[in-house]
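One structure is given below, encoded as structure tokens.
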Amino acid sequence: MTTPYSMEELVSLCKRRGFIFPASEIYGGINGFWDYGPLGTELKNNLRDAWWHDMVHCPPMGPDGEPLSIVGIDSSIIQNPKVWEASGHVGGFNDPMVDCRESKSRYRADHLLCLGVKGDTSGQIYAYIENDDDSLASAQKKLEKYVKRTLSSEEIDTCALTELSVEELAITVGPDTKTVGTLTEPRQFSLMFDTTVGATGGEENKAYLRPETAQGIFLNFMNVVDTMRVKVPFGIAQIGKAFRNEVTPRNFIFRSREFEQMELEWFCHEDEAQQWYAFWCDYRKKWWQQMGLTTGNLQMRQHDSDELAHYAKEGCGTFDIEYKFPFTDPGYGELEGVAHRGNYDLSRHTEFSGKKINYFDQQKNERYTPHVIEPSAGLSRGTLALLCEAYTPDDRPSKVFMKFNPRIAPIKAAIFPLVNKNGMPEIATKLHEEMRKQHVVQYDAKQSIGKRYARMDEAGTPYCFVIDGDTLEDNTITVRDRDTATQERINIDQAVAFLNDKLNQ
RNA sequence: GCGGGUGUAGCUCAAUUGGUAGAGCGUCAGCCUUCCAAGCUGAAUGUCGACGGUUCGAACCCGUUCACCCGCUCCA
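Everything in the first sequence is counted per the working numbering, starting at 10 for the first residue and increasing by one.
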């Protein structure tokens with residue numbers, strides 16, 4: 010089944026109803042950046058708060074039935090630049106790229122290898138893609154055609170494309186072309202944002218905006234162990250902005266250059282890591298379902314070994330929780346990655362800083378560097394998934410409504426006087442003032458009741474309380490349900506309890 | 001980064017072969033209204049994405065640029 014609506018419709022509603030706007034729009038916008046409007050901010054904050062509550066304040070029970078121990082931190086976006094050398098990001102996020110002018114293809118330079126005849130510096134060189142048998146066969150075929158004979162493996166010289174000189178690159182044939190010299194020189198694509206610390210500037214003061222929040226947690230591992238009386242296994246959580254100079258920002262807020270992450274680093278003994286990995290994969294999928302992603306648009310996917318990140322190679326892999334967005338349909342896009350990072354990060358920081366970063370288990374009398382299971386979720390992407398999931402075309406007057414889970418809906422309820430006279434506004438205003446002490450609610454007395462319902466449908470408000478003529482007689486009001494557009498009548502004194510009850514379901 | 005497309009009011013879109021911008025919806029005000037964008041009256045809103053050029057005159061033609069969408073590419 011394909012998505013019954015287009016991304017343009019959703020983007021249009023987000024703009025129209027104040028969820029998301031293009032950043033610096035009056036200046037023509039800026040590629041890869043978006044602003045959250047009033048409703049989008051509420052929505053995102055609700056998702057963020059739900060995560061913090063469910064992961065830090067009230068985490069799930071562990072496999073042994075005991076509550077998990079998780080604490081939160083909020084680390085600086087800018088850290089000592091050595092952090093990113095130790096983490097591998099300075100190396101790993103600086104991929105040299107090569108473009109082919111003829112085939113319009115782009116390759117990672119360090120993923121290209123080259124074939125040539127041994128000892129022959131005047132002939133042609135043929136590039137092929139690493140670990141791609143077809144590409145290798147094609148390159149060898151082209152080389153043999155060029156020298157007009159079959160070559161034995163002893164006669165063929167292989168080297169990395171990055172080792173070629175400018176002259177050699179000029180006589181190189183790209184993987185997907187037959188002419189020489191179509192490949193550009195390898196260019197660095199730095200995925201990390203540079204900035205300068207200090208007013209005087211200068212290269213020696215260069216620093217980076219963090220490309221992930223995780224490192225701030227590893228940096229503070231010993232601080233937390235020394236101050237919080239935590240025992241392994243335990244977790245440290247953090248929510249915050251991260252920055253990446255994506256080559257191609259695309260698909261609304263899905264791949265933006267400034268985004269928010271919700272990351273947990275779960276520290277455990279190596280022997281238990283596999284068990285915790287399975288535990289977190291399972292729990293995190295359930296969590297997303299609880300947030301309202303329940304229609305089968307979620308899937309779990311184990312990474313292939315060749316797509317593992319540099320930090321995950323030591324461990325046992327990465328599981329992606331993916332969502333079927335309208336722009337990925339029928340494919341899926343990553344919402345959260347649950348990675349087994351091994352003890353890569355703590356070990357690297359031990360090595361680069363020279364500081365002791367480990368844990369001593371008094372019971373076992375064992376000192377070790379904990380392994381890490383990392384459920385790393387995208388708050389921005391999660392917000393987008395909630396928007397995509399909620400968007401529900403319908404034949405009602407608004408033609409569409411946002412079917413948010415009440416727990417994460419930006420506005421929980423609206424209070425209307427049926428008509429703006431006869432004492433109804435006074436009662437409605439009083440109810441509104443009572444309700445807003447506990448929940449985000451809106452009062453609206455303007456225009457017809459139908460328009461007010463329609464507005465709330467597009468904002469995704471799950472309940473509308475209406476004070477009508479009967480209220481004056483018997484103290485009852487109607488509650489209109491967003492999803493069914495049906496009403497029930499309750500006593501006005503029970504309205505707050507009614508809403509509390511619905512939001513806690 | 002490449003190829004294609006789009007850019008006019010908050011949103012969706014018009015504007016005859018170049019003659020200094022309109023509609024619907026929404027928004028706002030008033031009246032009316034006892035339950036689903038109802039009705040009546042009125043109002044506000046655009047440097048036609050930006051810059052430059054051609055022209056007596058450009059939303060329209062040309063160039064550059066920016067943003068968004070689609071397809072490649074990339075994706076910790």
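Where is the CB? At the ideal position from N, CA and C, for every residue including glycine.
Other residues of its chain near residue i: CB distance less than 6 angstroms, five sequence neighbours each side excluded
i: residue 170; result: 118, 121, 123 and 136
i: residue 16; result: 335 and 336
i: residue 22; result: none
i: residue 290; result: 328 and 347
i: residue 95; result: 357, 358 and 361
i: residue 207; result: 214
i: residue 470; result: 420 and 423
i: residue 47; result: 27
i: residue 87; result: 216
i: residue 437; result: 424, 426 and 476
i: residue 38; result: 31
i: residue 127; result: 164 and 166
CB of residue i within 8 angstroms of CB of residue j, strictly
i: residue 474; j: residue 506; result: no
i: residue 380; j: residue 340; result: no
i: residue 311; j: residue 326; result: yes
i: residue 189; j: residue 133; result: yes
i: residue 462; j: residue 490; result: no
i: residue 426; j: residue 468; result: no
i: residue 377; j: residue 367; result: yes
i: residue 286; j: residue 349; result: yes
i: residue 166; j: residue 210; result: no
i: residue 494; j: residue 382; result: no
i: residue 388; j: residue 496; result: no
i: residue 263; j: residue 342; result: yes
i: residue 51; j: residue 409; result: no
i: residue 69; j: residue 56; result: no
Own chain, CB closer than 7 angstroms to residue i, minus 5 neighbours either side, in chain order
i: residue 202; result: 217, 218, 252 and 254
i: residue 261; result: 16, 20 and 393
i: residue 266; result: 41, 42, 252, 253, 254, 255 and 258
i: residue 10; result: The pLDDT assigned to residue 10 is 44, lower than 50, so where the model puts this residue is not dependable, and the model offers no usable value.
i: residue 499; result: 485, 486, 488 and 507
i: residue 24; result: 30
i: residue 72; result: 284 and 288
Nearest candidate by alpha-carbon position, reference residue i, set the options
i: residue 164; options: 88, 448, 413 and 152; result: 152
i: residue 268; options: 32, 14 and 26; result: 32
i: residue 200; options: 300, 220 and 85; result: 220
i: residue 85; options: 359, 222, 456 and 242; result: 222
i: residue 487; options: 449, 430, 464 and 423; result: 423
i: residue 75; options: 208, 374, 57 and 242; result: 242
i: residue 373; options: 464, 278, 429 and 288; result: 278
i: residue 139; options: 386, 116, 44 and 77; result: 116
i: residue 229; options: 447, 364 and 438; result: 364
i: residue 509; options: 272, 483, 446 and 439; result: 446
i: residue 235; options: 460, 369 and 89; result: 369
i: residue 502; options: 54, 441 and 98; result: 441
i: residue 299; options: 280, 355 and 413; result: 413
i: residue 280; options: 168, 157, 444 and 375; result: 375
i: residue 429; options: 240, 205 and 456; result: 456
i: residue 204; options: 89, 146, 143 and 34; result: 89
i: residue 355; options: 275, 386, 458 and 411; result: 275
Assumed close pair residue i, residue j - CB separation to whole angstroms, cut-off 8 angstroms
i: residue 417; j: residue 451; result: No, residue 417 and residue 451 are not in contact; Cβ-Cβ is about 17 angstroms, not under 8 angstroms.
i: residue 226; j: residue 82; result: 6 angstroms
i: residue 398; j: residue 512; result: The pair is not a contact, with the Cβ atoms about 18 angstroms apart (cut-off 8 angstroms).
i: residue 1; j: residue 224; result: In the structure displayed, the chain extends from 10 to 514; residue 1 sits before or after that span and is not available.
i: residue 384; j: residue 345; result: 6 angstroms
i: residue 466; j: residue 405; result: 7 angstroms
i: residue 330; j: residue 294; result: 6 angstroms
i: residue 400; j: residue 14; result: 6 angstroms
Residue i CB to nearest heavy atom of the ligand ADP below 7 angstroms
i: residue 214; result: In terms of ligand content, the structure shown is empty, and the ligand ADP therefore cannot be addressed.
Cutoff 8 angstroms; reference residue i; Cβ partners in own chain excluding five residues on either side
i: residue 514; result: 415
i: residue 49; result: 23, 27, 28, 29, 392 and 419
i: residue 159; result: 153
Three-pair Cβ contact test at 8 angstroms for the stretch 393-412 versus the stretch 327-335:
yes
Check whether the stretch 240-252 touches the stretch 56-76, taking contact to mean three or more Cβ pairs, one atom from each stretch, closer than 8 angstroms.
yes
Could you tell me whether the stretch 433-446 touches the stretch 474-485, using the rule of 3 or more Cβ pairs below 8 angstroms?
Yes, since at least three Cβ pairs between the stretch 433-446 and the stretch 474-485 fall closer than 8 angstroms, the two stretches touch.
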